[in-house]
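Presented below is the structure to which this report refers.
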DNA sequence: ATTAATACTAATAATCATTATCATATACAC
DNA sequence: GTGTATATGATAATGATTATTAGTATTAAT
């Protein structure tokens, strides 16, 4: 398992029970994906058939509070979770309004904006950026 | 009332009943604020004591779909609504992690990022940017 | 080794935000 | 005036999430 993750677990005195490990493994198995709690539950049940939805919710919430996971909402009124980036910089998301796929990108050109905010007295510690539009595949299909 | 809003209502054949007008007036009275559905209900009840929460939800949803309102989620697991900007550019938000206040700012330096995405085949039609940190007032208080 | 304290779990109840349903009211077309 | 369409408020229902509880497991103290 990722060394940084192990460190964070230790830092927070978070005992990794079998159930919690199953949840974390699901997230590690799905790098780059954004899973809802229900999706995590279904995959975790393959590793531990008796795991309960409440345990999954508690675990996801806790891992997010430790910055091991990142929690956000795209569409549909429920939260989605993904593994946090290993450096503390977060990537951004592009949501395709046609197929619903969520793409990620790394470029971070927000420094200018953050500088302006800090010039106005804000201290910025995090940000969240989402683009909405159409992915190359859907644009291709729409041309036909 | 705002001319652009009236146009959009007409375009969408959206009849402005007294109840819907009360909801819209609440939003107009609260420019720059981000109200939850419950907050809108409480203020709308001052204009129309009998208005129901279901009507408020239906109206907020409809006005958001017409780009008269903007719907987003900050914290707390419920949606908040605000009047959309009159040009189609949306402003951005800064959420203070201490007092919870939501600030707005206008600067739009995302063109470079959007250009890069479009160079990769995406068609971008909207974006959402939120910064999290501490506002000048809370930073002041934390220094004492 | 035993006991007490603490932590964790699954099941399920409860909560909350939101939406669906339904009966009634209002508006509109003819 | 009548029939149809739309809107409303109340409330039930839904879905996502959290709280509660009893039982179990782990850890700490002795």
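Chains as they are written, first to last, in the numbering used here: chain A, -7 to 136; chain B, -7 to 136. Quick reminder that beta carbons are idealized off the backbone N, C-alpha and C, glycines included.
DSSP three-state label for residue i, please.
i             : result
residue 130/A : helix
residue 21/A  : helix
residue 28/A  : strand
residue 74/B  : strand
residue 45/A  : helix
residue 64/A  : strand
residue 33/B  : helix
residue 53/B  : helix
residue 122/B : strand
residue 99/A  : coil
For residue i, return the contacting residues in chain A, with the cut-off set at a CB-CB distance below 8 Å.
i             : result
residue 124/B : 116, 117, 118, 119 and 120
residue 50/B  : What residue 50/B touches in chain A: nothing, since even the nearest Cβ is about 16 Å away.
residue 65/B  : 65
residue 128/B : 112, 113 and 114
residue 86/B  : 109, 114 and 116
What is the residue span of the alpha helix (DSSP H) that residue i lies within?
i             : result
residue -3/A  : -5 to 3
residue 165/A : Given that chain A is displayed from residue -7 to residue 136, the structure contains no residue 165/A and the question cannot be resolved.
Closest to residue i by CA distance: which of the options is it?
i             : options                       : result
residue 74/A  : 92/A, 125/A and 53/A          : 53/A
residue -4/A  : 78/A, 29/A and 119/A          : 78/A
residue 110/A : 119/B, 105/B, 97/B and 102/B  : 97/B
residue 50/B  : 114/B, 6/B and 130/B          : 6/B
residue 118/A : 99/A, 43/A, 82/A and 101/A    : 82/A
residue 34/B  : 26/B, 24/B and 45/B           : 45/B
residue 107/A : 112/B, 107/B, 101/B and 106/B : 101/B
residue 131/B : 89/B, 16/B and 22/B           : 89/B
Along chain A, in chain order, which residues have C-beta atoms closer than 9 Å to that of residue i?
i            : result
residue 99/B : 104, 105, 108 and 109
Hey, residue i and residue j are a contact pair by Cβ (cut 8 Å); roughly how many whole angstroms apart?
i             : j             : result
residue 48/A  : residue 36/A  : 6 Å
residue 115/B : residue 125/A : 5 Å
residue 156/B : residue 59/B  : With chain B covering only -7 through 136, there is no way to say anything about residue 156/B.
residue 66/A  : residue 94/A  : 6 Å
If I follow the unbroken beta strand (DSSP E) through residue i, where does it start and stop?
i            : result
residue 88/A : 84 to 88
Could you list which residues in chain B have their beta carbon closer than 9 Å to that of residue i, in chain order?
i             : result
residue 131/A : 113, 114 and 115
Listing by chain order, which chain B residues have their CB less than 8 Å from the CB of residue i?
i            : result
residue 43/A : Ordered by position in chain B, no residue passes the 8 Å Cβ test against residue 43/A, which lies about 23 Å from the chain.
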